[in-house]
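Quick note: my numbering has the sequence shown finishing at residue 273, numbered continuously throughout.
Right, one structure below, let's go through it.
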Amino acid sequence: MEDRTVRLEVNGGIARITLDRPDKLNAFSRTMHAHLREAMDRVERDDAIRAVVLAGAGRAFCAGQDLADLSFEPGNMTDLGELIHENFNPLIRRLRALPKPIVARVAGIAAGAGASLALACDIVVAGRSASFLQAFVNIGLVPDSGSTWLLPQRVGHARALGLAMLGERLTAERAEQWGLIWKCVDDAALDAEVEGLAARLAAMPTRALAAIKHSIGAAQTNSLDAQLDLERDLQHELGASHDYGEGVNAFLEKRKPAFTGR
């Protein structure tokens, strides 16, 4: 029986996806990509899932690409562009487009494509001992899996260049200060923080969260006029939703709303 490199647990409307190659610091292999695609298939088709937690097993979140999974044989070297096109780019696009909130639980190192993976999630919570590393330059490569887009959007041009060109570790505490991630918490509090956040998101109006995710992402490239039109169209759709009616009624009745994601 094939060893599973990704674990999926679903409970209480929350899907917990765990990269499970702890002996390799959860570095990506083609097999792990395939197993992660299967987990995402389940998350996408199951309407009962209203929030996702993405984590790594053991002492790392994800160390990026497993170099042992590549070929360095002269004349038969792995085409990195093809690898990215077939595996990493579809994954990042899928995470960004998923109409459900994704929380990254980062413990230990998030390096290379592992850092990109974390940053592609909607909300990143990291333990104080965690760190982020744009390791690509250390082996003569350019950041990929969306990092050259995500970094300058979040930390600005100067800091993005410094992180990418120097390949230095960024602590979780500094990542929070720079606005790269949502929150840095003590290691002992990480699980409680992530679980509480996931439960909160799972109980919120899912369609509204999806629209917020879409609109904030679109704002990076939209003009103001285009963004105003997008906001109008999204509000038109959400204004006809069950959760909007529930939210308004709960407000008028001075009670807590019971959102269903519809």
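Heads up, the beta-carbon is just placed ideally off N, CA and C, and yes, glycines get one too.
Item                                                                                                                                                                                                   : Value
Starting from the C-beta of HIS253, find all residues in its chain whose C-beta is less than 8 angstroms away, skip the five residues before and the five after it, and write them out in chain order. : THR271 and ARG273
Give me the Cα-Cα distance between ALA137 and GLY151, rounded to the nearest whole angstrom.                                                                                                           : 28 angstroms
Just to confirm the assignment: which complete beta strand (DSSP E) runs, minimum length 3, are found wholly within the stretch 172 to 217?                                                            : 180 to 182 and 194 to 196
Which one of PHE147, ASN149, TRP189 and GLU184 has the shortest CA to CA distance from GLY4?                                                                                                           : Coverage of the chain is limited to positions 12 through 273, which leaves residue 4 absent and any answer about it impossible.
What did DSSP end up calling LEU144 once you bin it into helix, strand or coil?                                                                                                                        : strand
Tell me the start and end of each unbroken beta strand (DSSP E) in the stretch 77 to 157 that is at least 3 residues and wholly inside, in chain order.                                                : 113 to 117, 120 to 122, 134 to 138 and 142 to 144
Where does ILE227 land, buried or exposed, given buried means 16+ other C-beta within 10 angstroms?                                                                                                    : exposed
Please report the Cβ distance between GLY75 and GLY24, rounded to the nearest whole angstrom; I am assuming they are in contact, meaning their Cβ atoms lie under 8 angstroms.                         : That pair is no contact at about 31 angstroms.
Specify the secondary structure class of THR29 as computed by DSSP and reduced to three states.                                                                                                        : strand
Please list, in chain order, all residues of the same chain as ALA214 whose beta carbon is under 7 angstroms from its beta carbon, the five residues on each side excluded.                            : PHE270
Between which two residues does the alpha helix (DSSP H) holding ARG273 run?                                                                                                                           : Premise fails: ARG273 is in no alpha helix (DSSP H) and is neither H nor E.
Under 6 angstroms Cβ to Cβ from ALA175, same chain only, skipping five residues before and after it: list those, please.                                                                               : GLN145 and PRO154
What are the residues that DSSP puts in a beta bridge with ALA62?                                                                                                                                      : ILE25
How far does the alpha helix (DSSP H) with ALA261 in it reach, from first residue to last?                                                                                                             : 253 to 263
Could you check which residue in ALA26, ASP77, CYS73 and ALA68 has the C-alpha nearest to that of SER40?                                                                                               : ASP77
Do ALA186 and VAL64 come within 9 angstroms of each other at the CB atom, strictly closer than that value?                                                                                             : no
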